[in-house]
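Trainee: Quick one: this structure, given as structure tokens, is what I'll be asking you about.
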Amino acid sequence: MGAAVALAGAVLATPGTVAQAATPAVEVTVNAREGLGTVPGTAYGLNQAVWDGNMNTPASVDLLGKAGVRMMRYPGGSYGDGFHWKTSTVSGGGYVAPGTDFDSFMGTVKAIDAQAILIANYGSGTAQEAADWVKYANVTKGYGVRYWEIGNEIFGNGHYGADWELDYHESKTPATYANNVVEYARAMKAVDPTIKIGAVVTDPGNWPDGVVGDGDTAAWNQTVLSIAGPYIDFVIMHYYPNHTTAADVLQQVRLLPGELEQVRRQIDRYAGRNGPNIGIALTETSSNYQSDTQVGGLFTADVYFAALENGVFTVDYWDTRNGMGDVTTAPDGTTSYGDGGLLSSGNCNSDNVCEPPLNTPFAPYYALQMLSRVALPGDTLVKAASDNRLVTVHAARNADGGLSVELINQDPGNAYTVHLGYDGWTPSNATPTVHTLGSGYTAIATSKQGTASTQVVPPYSIVTLKLTPSATNPVSTTLTAPGSPVASDVTAGTATVSWRPSTGGAVTRYAVYQQFGTNSVLLGESTSTSFTARNLVPGTSYTLNVLAVDQKGHLSMPSTPVTFVTGTPRDSTCAVTYTLATGWGSGFVANISVTNTGSTPITGWTLAFSFPATTESVSDSTWNGTFSTNGSHVVVTPAGSNTYLAPNAGNTVSLGFVGNQTGANPPPASFTLNGTVCTTTYSY
């Protein structure tokens, strides 16, 4: 191996020191009681593309194995809707490099002990062709390919205007796609019932999410989930943040949790009884802006954990080698070759500017490698937060009893002194092992430095602390986490949460904690495997964790979180219907109808609600009401002559607004009319 892929502990490419006294302070809190889920074996993924002639070389096997890649996607983005697996050809004449056929790809997958996720050709293929692929892969060859996507970004087939995605179907509507997904799923599962089928959805806040196409009755996600929901096992999202500057790109990751939450709610709302069983796969992502520099490295470190913390089971980087593009200068002064790959393709442009030699890792490669320093499959991600937007943080409780904390400094010009505090876990006084990837590094550096409570984080760097527990750590070393809580019987004021029992020792009781950021509040305890929470606030989102308690009072690992939204009262003196009429990625139209269902007439009314997400707001365009806002809180009063609400639903006042959005736009959870919480229904 050359210097570019040297092991941790190698000499840094740009060595230097940072004076602690001159650095501003950042406060970080890690709450080990707030679980965010277990890292799955499919978590750390990567796209492979059949135009890459180096896909299956020994160098690739070596590099990808050392990066910790455990999921590989094939045959590569939009090529998936043109690729015919039997002949290794692409409809329309796309280039396929020698040695990139399916069997050669699977040889690399097996060599690095990974899994495959395959794109069944929807655009120019058939359900029978896909079923034949399943038979060849899993029956004839015994590869055991579990995950199968039906098409790539098929909403880009021209139905909404843009037409980058190949689609030979006469009808290109979401309903046509959804019905064909059902056909594909039936044909493919008839061959191997154990496979998982994925359908394409749009990313909230990004075109064409919310757009209702000509002749359609609803937007893409509602249509696809309503029809295909009972037949699929996961949905497919791609995440490329909007970008104008490097700083914008890195801050965009903060919006991803809200977008994933909205997709989760759409699944639960539209996919029927199968909704809770449907997972989310983020099968393409990268900064899409100076990706081959430290900008891309910082983005990669952040986006994988941001997605995994919010329920995604695989994140697949785009891609291994992508080739040279526009040459620019990154904020840290390094050169971007416009290459979206993890590894250099060794290209030169017409101005004789050349990338580093073939297979030289770019910063995202080392960032991907750093993921396994933080959490291996089976480790538990836990809640962590920083008081500075330029320093993001992720943390994991490791299977060996330790705790890992990843600090990402997005500031290209300043180091920070980070003060760390811990809740529900006590570190030892040992000097931590610290892994560092700074600007211009050609390897992850490893040293013993700082303390568990204080670390200096260099500019534009990724720093991972490996901590050991103290002798007084209040954590059980034998009890397993309670299994996957689910919420049921959710009303306006109550909800029942149930879970599978903890194993590995005597359990005296279970503690149910409610999450408030990085603060945990004990909501209640139970000696059984269920708990009913009472006196909840109507129209409010709750996130809970369950932990087992042993005879010494020590807590187990936290369960995966369960989130639910309490309803609104069935019996109220007012009723509201909130309708999302249409959207276009950066905005939406919302209509609101208000009815007085009580026996007393109302002359003069005030309607109030709050947006659940900071990414949505009321624009200057409103109708039939006077809208005033204070942060996310909105108050509406009558406009003109619509002040009267007759008793017993004698009339309805209709009003609405054009909303702005920079990410997710979930509907308000509740509305009050003159202070009374109304019965609320939603229409999309």
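With mature numbering (1 follows the signal peptide of the UniProt record, and there is no 0) applied, the sequence shown corresponds to residues -21 to -1, 1 to 663, in that order.
All residues carry an ideal CB built from backbone N, CA and C; glycine is no exception.
#1: In whole angstroms, what is the alpha-carbon distance linking GLN241 and LEU559?
#2: Does DSSP put SER103 in a helix, a strand or coil?
#3: Over the uninterrupted alpha helix (DSSP H) stretch that includes GLU504, give me the two end residues.
#4: Would you give the residue range spanned by the alpha helix (DSSP H) that ALA286 belongs to?
#5: Over the uninterrupted alpha helix (DSSP H) stretch that includes ARG244, give me the two end residues.
#6: DSSP state of ASP599, grouped into three classes?
#7: Short of 7 Å in beta carbon distance, which residues of its chain neighbour VAL469, apart from the five on each side in sequence? Order them along the chain.
#8: Can you tell me whether SER426 is buried or exposed? The criterion is at least 16 other CB atoms within 10 Å of its CB, across all chains shown.
#9: Within 8 Å, do at least three Cβ pairs link the stretch 256 to 264 to the stretch 309 to 323?
#10: Measuring only the C-alpha atoms, how far is GLU385 from ARG376?
#11: Is the stretch 70 to 80 close to the stretch 117 to 127, with three or more CB pairs under 8 Å?
#12: How far does the alpha helix (DSSP H) with PHE567 in it extend, from its first residue to its last?
#13: State the DSSP-derived secondary structure class of ALA(-19), mapped to helix, strand or coil.
#14: Could you spell out the range, first to last residue, of the beta strand (DSSP E) harbouring TRP404?
#15: Going by DSSP, name the residue or residues bridged to ASN10.
#16: According to DSSP, simplified to helix, strand and coil, what is SER649?
#17: Which residues does DSSP pair with PHE588 in a beta bridge?
#18: At which residues does the alpha helix (DSSP H) containing TYR165 begin and terminate?
#19: Where do the N-terminal and C-terminal ends of the alpha helix (DSSP H) with GLN201 fall, by residue?
#20: Using 10 angstroms around the beta-carbon of GLN530, count the other beta-carbons present and answer buried if the total reaches 16, otherwise exposed.
#21: Indicate the three-state DSSP secondary structure (helix, strand or coil) for LYS445 in the structure shown.
#22: Using a 10 Å radius around the Cβ and a threshold of 16 neighbouring Cβ atoms, would you call GLY392 buried or exposed?
#23: Let me make sure I understand the geometry here. Which of THR8, GLY16, GLU149, PRO580 has the alpha-carbon closest to that of LEU360?
#24: Starting from LYS427 and walking both ways along the alpha helix (DSSP H), at which residues does that stretch end?
#25: Please determine if the stretch 269 to 285 and the stretch 223 to 236 are in contact, where contact requires at least 3 C-beta pairs separated by less than 8 Å.
#26: Starting from the Cα of PRO19, find the closest Cα among THR561, ARG549, LEU399, THR539 and give me that residue.
#27: For chain D, check one thing: does any of its Cβ atoms lie closer than 8 Å to the Cβ of TYR296?
#28: How far does the alpha helix (DSSP H) with PHE510 in it extend, from its first residue to its last?
#29: Using only the heavy atoms of the ligand FMN, determine whether one of them is closer than 7 Å to the beta carbon of ARG549.
#30: Contact check, GLY564 vs TRP186 under 8 Å by CB: the rounded distance?
#31: Take GLN27 and list the residues in its own chain whose beta-carbon comes closer than 6 Å to its own, dropping the five residues that flank it on each side.
#32: Would you mind working out which of CYS553, LEU382, ASP599 sits nearest VAL568, comparing C-alpha positions?
#33: When DSSP labels each residue in this structure, what does PRO340 get in the three-state scheme?
#34: So THR473 and LEU515 are in contact, right, with Cβ under 8 Å, and what is the actual spacing, rounded?
#35: Helix, strand or coil for ARG488, going by three-state DSSP, please let me know.
#36: For the alpha helix (DSSP H) containing residue 688, name the first residue and the last one.
Mentor: Put simply:
#1: Residue mapping note: residue 241 aligns to position 262 of the sequence shown, counting from 1. Residue mapping note: residue 559 aligns to position 580 of the sequence shown, counting from 1. C-alpha separation (whole angstroms): 14 Å.
#2: Position 124 of the sequence shown, counting from 1, holds the residue named residue 103. Looking at SER103 - three-state DSSP - the assignment turns out to be coil, as it is neither helix nor strand.
#3: As a working mapping, residue 504 is identified with position 525 in the sequence shown. Segment 498 to 505 is the beta strand (DSSP E) holding GLU504; no alpha helix (DSSP H) there.
#4: Within the sequence shown, numbered from 1, the residue matching residue 286 stands at position 307. 273 to 287 is the span of the alpha helix (DSSP H), which, as asked, contains ALA286.
#5: In the sequence shown, the residue the question calls residue 244 occupies position 265. Run containing ARG244: 235 to 249, per the alpha helix (DSSP H) assignment.
#6: Mapped onto the sequence shown, residue 599 falls at position 620. Note: ASP599 maps to strand in three-state DSSP.
#7: As a first step, residue 469 must be located in the sequence shown, where it is residue number 490. Cβ within range, chain order: PHE543, THR545, GLY546.
#8: Numbered from 1 along the sequence shown, position 447 holds the residue referred to as residue 426. Label assigned to SER426: exposed.
#9: no
#10: In the sequence shown, the residue the question calls residue 385 occupies position 406. In the sequence shown, the residue the question calls residue 376 occupies position 397. Roughly 12 Å separates the two Cα atoms.
#11: no
#12: To locate residue 567, count along the sequence shown from 1; it is residue 588. Note, PHE567: premise wrong, no alpha helix (DSSP H); beta strand (DSSP E) at 566 to 575.
#13: Stepping through the sequence shown from its first residue, residue -19 is reached at position 3. Unreliable placement is indicated for ALA(-19), whose pLDDT of 32 sits below 50; no coordinate value is reported for it.
#14: Counted from its first residue, the sequence shown places residue 404 at position 425. Where TRP404 is concerned, there is no enclosing beta strand (DSSP E), given that its DSSP letter is neither H nor E.
#15: Taking the first residue of the sequence shown as 1, we reach residue 10 at position 31. Per DSSP, LYS362, ASP402.
#16: Sequence index remark: in the sequence shown, residue 649 carries index 670 (1-based). In the structure shown, SER649 sits in coil (DSSP, three-state: anything other than H, G, I, E or B).
#17: The residue given as residue 588 occupies position 609 in the sequence shown. Paired residues: VAL613, PHE650.
#18: Mapped onto the sequence shown, residue 165 falls at position 186. Tyr is not the amino acid found at residue 165; the sequence shown has Arg there. ARG165 -> alpha helix (DSSP H) spans 153 to 170.
#19: By one-based count along the sequence shown, residue 201 stands at place 222. Where GLN201 is concerned, the enclosing alpha helix (DSSP H) stretches over 199 to 207.
#20: On the sequence shown, residue 530 is found 551 positions in, with the first residue counted as 1. The residue is exposed, with fewer than 16 neighbouring Cβ atoms inside 10 Å.
#21: If you number the sequence shown from 1, residue 445 lands on position 466. Here LYS445 sits in strand by DSSP.
#22: For this step, residue 392 is matched to residue 413 along the sequence shown. By the 10 Å Cβ count, GLY392 comes out exposed.
#23: One-based indexing of the sequence shown puts residue 360 at position 381. Taking only the C-alpha atoms, the option nearest LEU360 is GLY16.
#24: Here residue 427 refers to the residue found at position 448 of the sequence shown. No alpha helix (DSSP H) contains LYS427, which is instead part of the beta strand (DSSP E) from 424 to 427.
#25: yes
#26: Numbered from 1 along the sequence shown, position 40 holds the residue referred to as residue 19. Here the closest residue by C-alpha is THR539.
#27: Reference to chain D is not applicable here, since this structure consists of a single protein chain.
#28: Translated into positions along the sequence shown, residue 510 becomes position 531. Run containing PHE510: none in the alpha helix (DSSP H); it sits in the beta strand (DSSP E), 509 to 512.
#29: Summarising the ligand content, the structure contains no ligands, and the ligand FMN is consequently not present.
#30: The residue given as residue 564 occupies position 585 in the sequence shown. The residue given as residue 186 occupies position 207 in the sequence shown. Between TRP186 and GLY564 the Cβ distance is about 4 Å, and since that is below 8 Å, they are a contact.
#31: Numbered from its first residue, the sequence shown carries residue 27 at position 48. MET34, MET51, TYR53, THR299.
#32: Counted from its first residue, the sequence shown places residue 568 at position 589. For VAL568, the nearest C-alpha among the options comes from ASP599.
#33: Counting from 1 along the sequence shown, the entry for residue 340 is found at position 361. Residue state, collapsed to three classes: strand.
#34: Position 494 of the sequence shown, counted from the start, is the residue given in the question as residue 473. Position 536 of the sequence shown, counted from the start, is the residue given in the question as residue 515. About 6 Å; that satisfies the 8 Å criterion.
#35: As a working mapping, residue 488 is identified with position 509 in the sequence shown. Strand at ARG488.
#36: It is not possible to answer for residue 688, since the shown part of the chain is limited to -21 through 663.
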